[in-house]
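For reference, the structure discussed in these notes is given below.
There are 2 protein chains.
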Amino acid sequence: MIQRLALLGVGLIGSSLVRALKEKQAVQHVVGYGRGEKNLQEALELGVIDEIATSVADAVDGADMVVVAVPLGAVKGLFAEMKGKLSENAVVTDVGSVKWSVVRDAQQVFTTVPPRLIPGHPIAGTEKSGAAASFAELYQGRRVILTPLDNRDEDALQKVTAMWELAGAEVVEMGVQHHDEVLAATSHLPHLLAYGLVDALARQDAHREIFRFAAGGFRDFSRIASSDPTMWRDIAMANRKPLLETLDQFRKELDEVESMIQDKDGDALLELFSRAKQARDEHYE
Amino acid sequence: MIQRLALLGVGLIGSSLVRALKEKQAVQHVVGYGRGEKNLQEALELGVIDEIATSVADAVDGADMVVVAVPLGAVKGLFAEMKGKLSENAVVTDVGSVKWSVVRDAQQVFTTVPPRLIPGHPIAGTEKSGAAASFAELYQGRRVILTPLDNRDEDALQKVTAMWELAGAEVVEMGVQHHDEVLAATSHLPHLLAYGLVDALARQDAHREIFRFAAGGFRDFSRIASSDPTMWRDIAMANRKPLLETLDQFRKELDEVESMIQDKDGDALLELFSRAKQARDEHYE
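What follows is the structure in structure tokens.
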């Protein structure tokens, strides 16, 4: 049972976690800290949080679990504000989509990464934002990747693992760099492509008509372009190197596809499309 | 009321149209022609079609409405087989995603495009294929683009329009080239990108793990990579020029995005992401 959970950043991800924990009666009291006053009030009214803190220091005061759930660009500032204010038994974790930048931020603020800081990343979310969009079932059957460092405190790792499992997730451990490479390919690049395509279309003179005739496939494909731009700006900046590498691989694939079309090589194109369909159908029903 | 509808190609698109017409009691008898024996039997058992024809000539014999619903690469062959077999009052339409190639096929087979041939394209579909995946509601509230030529027979145009409206669609008329350009951007390019990304990931050694950690956004983004590869090979081949042009524009956008990440220009990236989000949110809720 978590006695006092400090939720720093009361958005979709953090609020959904807290809702799930409350449903399981696995947390006694939740203190929320965030920048949007209206969102905090809403979270309070919805019973997502029990109290609004006006500073990070107040939020973490006496907390045995601190969940950092803000865009990556804001993580370092929060670390700095909580420095020296944490209880000795406090466990800290985060939900950032890039783990290397969180580790670097912690190193810069705390000199070494505190053993009771367990970096984490729930592979879940929707294109919506804010406490009002949160729901307890978000993590049911989803995976949460933890990237504990060598100096991790085993008790802290166990507590973070137990918390996510209570929320319905399957917890997996992975190295920091490996996490960032895998996520660059499966999440960060698709977001770049979706934002890029929608922007390219929106720039055209006929864009109203173009969107009007967009089919269902386009709606699905472009859904992730509705995601929070600040969060994704931060992710792209924080995961620059793996993202540029995977983008480069994708460009090579695009070169091949373009050559096939230019050369009217329908057989090669059919082979590529079939391979892709097979790969996707293998992994999703 | 359509007396005898010849459905050439008994797939998702054609079968869904026929189901909708039957629900409205707008068609008396449907003759199906296609290559997959099992699929035809299924369509017959499901009541989608009332009769299986073993040749195009048999299928169109006495038909007052002929719907060509095959991959684009098969259209020309069907036109050749129906030449000289059509009733005088027969209206012919198709559902191809590229209109220029259908017009060219018709010119090559019939010398000039028959006035009672009205090229059409329903902006609807799913990633599924076959008669068993069809459903009467597919066209509810969706748009159907007709690209009638200057020599069109007004009665034929009216009959095709009425047929689609009965199926629940909004019918829009457009020029052939304009249609192909708009669809290249909103449908054909997204399919290329989705197929390309899934294939690029599947080629990596760690692809099983990569798909395992793919989030919900990736599932949506890549759904269209489950579409029928033959159909999409044909579309890419048939719409080569507009597709290569829109791919070129997208590459320029990707160049810009890449530069922004390389230059750590978070402001520019945020602006681009925000513009894309706004454009998408404007057009879909």
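Protein chains in written order, with the numbering used here: chain A, 1 to 285; chain B, 1001 to 1285. Glycine included, C-beta positions come from ideal geometry on N, C-alpha and C.
With distances taken between CA atoms, B:Val-1182 lies nearest to A:Arg-208 out of A:Ile-235, A:Gln-278, A:Arg-208, A:Arg-223.
Annotated as distal: B:Ile-1049 and B:Val-1070, with beta-carbon spacing of 8 Å or more. Residue-level contact by beta carbon holds for A:Phe-218 and chain B, with a gap shorter than 8 Å.
Residue state for A:Glu-23 is assigned as helix, using DSSP reduced to three classes. Within the same chain, Val-1091, Arg-1116, Ile-1118 come within 6 Å of B:Ala-1156 by CB-CB distance, once the 5 residues on both sides are set aside. Within chain B, the C-beta atoms nearer than 7 Å to that of A:Ser-222 come from Arg-1280, in chain order.
In the assembly as shown, B:Lys-1099 is a buried residue. Its beta-carbon has 16 or more other beta-carbons within 10 Å. Around B:Leu-1040, the same chain offers Val-1010, Gly-1032, Gly-1034, Ile-1052 as residues with beta carbons nearer than 7 Å, after the five sequence neighbours per side are excluded.
In the structure shown, A:Asp-94 adopts extended strand secondary structure according to DSSP, grouped into three states. Following the DSSP letters along the chain, one finds A:Val-103 in no beta strand (DSSP E) but inside the alpha helix (DSSP H) bounded by residues 99 to 110.
As DSSP reads the structure, B:Pro-1122 sits in a beta bridge with B:Val-1144. Interface residue (Cβ-Cβ distance to chain B less than 8 Å): A:Leu-12 is not classified as such. Within chain B, the C-beta atoms nearer than 7 Å to that of A:Pro-229 come from Leu-1270, Phe-1273, Ser-1274, Lys-1277, in chain order. In the pairwise beta carbon analysis, the stretch 209 to 223 of chain A is classified as touching the stretch 1187 to 1205 of chain B: at least three pairs are separated by under 8 Å. A straight line joining the alpha-carbon of A:Val-27 with that of B:His-1188 spans about 49 Å. Between the alpha carbons of B:Gly-1073 and A:Leu-243 lies a distance of about 38 Å. Burial check for A:Glu-88: the Cβ neighbour count within 10 Å stays below 16, so the residue is exposed. A:Ser-259 is outside the set of residues whose beta carbon lies under 8 Å from a beta carbon in chain B. The beta-carbon of A:Phe-135 is placed no less than 8 Å from the nearest beta-carbon of chain B. Listed by position along chain A, the residues whose Cβ is nearer than 7 Å to that of B:Glu-1209 are Val-182. Contact of B:Phe-1250 with chain A is assigned, a C-beta pair being separated by under 8 Å. Against chain B, the CB of A:Trp-232 has a partner CB under 8 Å away; the residue lies at that interface.
A distance below 6 Å between beta-carbons, with the five flanking residues on each side excluded, links B:Asp-1234 to the following residues of its chain, in chain order: Pro-1071, Leu-1072, Gly-1073. Short of 7 Å from the beta carbon of A:Gly-130, and not among the five residues preceding or following it, lie these beta carbons of its own chain, in chain order: Gly-11, Leu-12, Asn-39.
The C-alpha of B:Lys-1277 lies about 17 Å from the C-alpha of A:Gly-125. Within the stretch 1137 to 1151 of chain B, Arg-1142, Arg-1143, Ile-1145 place their CB atoms closer than 9 Å to a CB of chain A, listed in sequence order. In terms of Cα proximity to B:Val-1171, the closest of B:Pro-1148, B:Gln-1204, B:Phe-1211 is B:Pro-1148. Ranked by Cα distance from A:Ala-80, the options A:Leu-5, A:Glu-245, A:Met-65, A:Thr-111 are led by A:Thr-111. Put simply, the stretch 1252 to 1270 of chain B touches the stretch 244 to 264 of chain A. At least three CB pairs are less than 8 Å apart. A direct Cα-Cα distance of roughly 35 Å separates A:Glu-137 from A:Phe-273. Boundaries of the alpha helix (DSSP H) harbouring B:Glu-1271: 1266 to 1283, taken from the DSSP string. Shown here, A:Met-174 sits in coil according to DSSP, grouped into three states, outside any helix or strand. The Cβ of B:Tyr-1033 sits no closer than 8 Å to any Cβ of chain A. Secondary-structure assignment with DSSP links A:Ala-132 through no beta bridge to anything. In the displayed model, B:Gln-1041 falls within a helix according to three-state DSSP. Comparing alpha-carbon positions, the option among A:Lys-24, A:Ser-16, A:Met-65, A:Val-66 lying closest to A:Leu-46 turns out to be A:Ser-16.
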